[in-house]
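In the working numbering, each number is its position in the sequence shown, counted from 1, plus 325.
What follows is one structure encoded as C-alpha cells, with my remarks underneath.
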Amino acid sequence: MNPWPPFGKLLILFGFLMILVGGLLLLAGKIPWIGRLPGDFYIQKKNFSFYFPLTTSIIISIILTLLFFLFIRK
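Okay, here's the thing in C-alpha cells:
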C-alpha cells in the first residue's frame with residue numbers, strides 16, 4: 326500500500342489555500358474600510374505605535390464562520 330497519495334492531496338489543498346489567501350491579501354488593500362472601522366485601536370506615542378484591529382477581526386471571523394457553516398456541512 327502506497328502512503329503517498331493522501332499526502333499529495335494534502336499538499337495540493339495547502340497550495341490552493343495559499344493561493345486563495347495570497348489573492349485575498351492582494352485585494353485587501355483595495356477595500357478602503359478594512360482596518361479603519363470604529364473599534365480598531367491605533368495608539369501612537371513618540372517612539373511607539375500599536376494597532377489592534379478588533380472590529381475588523383470580529384467581522385472577518387463572522388464571515389469565515391458563516392462560510393464554513395455553509396460549505397462544510399455533513
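Beta carbons: idealized from backbone N, C-alpha and C, even for Gly.
Legend entry - Per DSSP, cross-strand counterpart(s) of PRO404: Missing from the structure shown is residue 404; the chain here goes from 326 to 399 and no further.
Inset, instruction - To the nearest angstrom, report how far apart PRO306 and PHE373 are at their CA atoms. - result: What is shown of the chain runs 326 to 399, which leaves residue 306 out entirely.
Inset, instruction - Let me know the secondary structure DSSP gives PRO330 once reduced to three states. - result: Judged by DSSP in its simplified three-state form, PRO330 adopts helix.
Inset, instruction - Determine the DSSP secondary structure at PHE373, reduced to helix, strand or coil. - result: Correct three-state label for PHE373: coil.
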